[in-house]
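J.: Quick one: the structure is below, and I'll ask about it shortly.
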Amino acid sequence: MSSKSGFFTEQGLDPSGRGARDFYISQSRIRHFLRYGPAHKFFESLSIPYVLQNPSVIFSGLERENFQNGLCYAGLPPVQYLDADVTAPPPRGMIFAVFANADFHIFEWRWEKADSNNYGYPMDAQTRFTQIQWSR
Amino acid sequence: MESLTDFVRSKKAKKFEPKPYYSQNGDALIFYFKDEPSYAERVDDFLTVYKATQSDEIVGCELKGVRHILQRMGNFGVLIQSSAVDMSLLFWGYLGYSTLSQHESRGIRINELGQAIAGSRARVDTAELVA
Chain U
2 MSSKSGFFTE
12 QGLDPSGRGA
22 RDFYISQSRI
32 RHFLRYGPAH
42 KFFESLSIPY
52 VLQNPSVIFS
62 GLERENFQNG
72 LCYAGLPPVQ
82 YLDADVTAPP
92 PRGMIFAVFA
102 NADFHIFEWR
112 WEKADSNNYG
122 YPMDAQTRFT
132 QIQWSR
Chain F
1259 MESLTDFVRS
1269 KKAKKFEPKP
1279 YYSQNGDALI
1289 FYFKDEPSYA
1299 ERVDDFLTVY
1309 KATQSDEIVG
1319 CELKGVRHIL
1329 QRMGNFGVLI
1339 QSSAVDMSLL
1349 FWGYLGYSTL
1359 SQHESRGIRI
1369 NELGQAIAGS
1379 RARVDTAELV
1389 A
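Taken in order, these protein sequences are the chains called U and F. The opening position of the first sequence corresponds to residue 2 in the numbering used here, with each subsequent residue numbered one higher. The opening position of the second sequence corresponds to residue 1259 in the numbering used here, with each subsequent residue numbered one higher.
Set out below in structure tokens:
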């Protein structure tokens, strides 16, 4: 696993679905949510490694300027983190989404409503992403 | 090399203080003005709202494409020369890209969101936006 100054490194499934690759998470971002909260956002980052390694689906191409090569990993972690050592079942009808830019820098993670017709997919995926890069 | 998991697990949450965070990697401002577990709902290319899991009340937002918004505001003669800018000004810049029908179709009460942002008096360091 490589290291990059100012970033945490986490391994995840390569967008091709074959092998692993490194992802980077800004330490200043994590420290911001530690310092100012909300606490749930800080502790929800504990679900990032699980979803990177066990996605239900990987989308490429975010419908945003300059993020045509961005990635979204969506999955269903076994728990929802409320604190470092307090967990609850995942919120009903939700998936956890992790967003990265083309350089594999993670810039957002969050719960989203799931598509009731596609298990493990976020809602409105067909209008939000250019293509499915890989799916389980 | 400390992992994300080791770091987060070793910390205790501190008192909530509404403060926006600008992500250069995502060119987005993340702002929570209430401390409640939430989920995200995308409104359009520039705005995602965070809603409380229990009540669906809006508790924050993600303003995307901030550099683009600032550039467009500059095209209309809006120049930011101070070291910090009100989050509400950036939100106002976003409104130039959106339509009321977009918000209404998703049940987003955009005026309430605007008032919550303005009421928070949150400011963003301009140095972060242009770095």
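Just so it is clear, CB atoms sit at the ideal spot from N, CA and C, and this is done for glycine as well. Bear in mind the structure is a predicted one, so any value in this text is a computation, not a measurement.
Helix, strand or coil for V1301 of chain F, going by three-state DSSP, please let me know.
T.: coil
J.: Going by Cα to Cα distance, which pick from U:Y82, U:M95, U:N55 and U:R22 is closest to H41 of chain U?
T.: U:Y82
J.: Distance cutoff 8 Å, beta carbons only. Does S1313 of chain F sit that close to anything in chain U?
T.: no
J.: Among the candidates F:G1323, F:I1288 and F:K1273, whose CA atom is the shortest distance from the CA of R1381 of chain F?
T.: F:I1288
J.: Taking only the alpha-carbon atoms, compute the straight-line gap between A1271 of chain F and D86 of chain U and give it to the nearest angstrom.
T.: CA-to-CA, the gap between A1271 of chain F and D86 of chain U works out to about 12 Å.
J.: Touch check for the stretch 47-64 of chain U and the stretch 114-134 of chain U: three-plus C-beta pairs under 8 Å?
T.: yes
J.: Would you list the one or two residues that DSSP bridges to L1321 of chain F?
T.: F:L1287 and F:L1305
J.: Just to make sure I have the definition right: I need the residues of chain U whose C-beta is within less than 8 Å of the C-beta of Y1290 of chain F. Which are they?
T.: By Cβ distance, chain U contributes G38, P39 and K42.
J.: Is there a Cβ from chain F that is less than 8 Å from the Cβ of K5 of chain U?
T.: no
J.: If Y122 of chain U sits next to V58 of chain U, beta carbons under 8 Å apart, how far is it from one beta carbon to the other, in whole angstroms?
T.: 6 Å
J.: Hey, T10 of chain U and S17 of chain U are a contact pair by Cβ (cut 8 Å); roughly how many whole angstroms apart?
T.: Their Cβ separation, rounded to whole angstroms, is 19 Å, which puts T10 of chain U and S17 of chain U out of contact at 8 Å.
J.: So which residues on chain U does G1323 of chain F lean against when the C-beta distance must stay under 7 Å?
T.: R65 and E66
J.: Using 8 Å as the limit for Cβ to Cβ distance, is L47 of chain U near chain F?
T.: Taking CB atoms only, L47 of chain U has a neighbour in chain F less than 8 Å away.
J.: Could you give the DSSP three-state label for Y122 of chain U: helix, strand or coil?
T.: coil
J.: Check the Cβ-Cβ distances between S1281 of chain F and every residue of chain U, and say whether any is below 8 Å.
T.: yes
J.: Are the C-beta of L14 of chain U and some C-beta of chain F separated by less than 8 Å?
T.: no
J.: Can you round the beta-carbon distance between V1301 of chain F and F44 of chain U to whole angstroms, since I take them to be within the 8 Å contact cut?
T.: So it is not a contact: roughly 26 Å between Cβ atoms.
J.: Bridge partners for S27 of chain U per DSSP, in chain order?
T.: Partner(s): U:F8.
J.: Is it right to say P78 of chain U is buried, meaning 16 or more other beta carbons lie within 10 angstroms of its own, or is it exposed?
T.: buried
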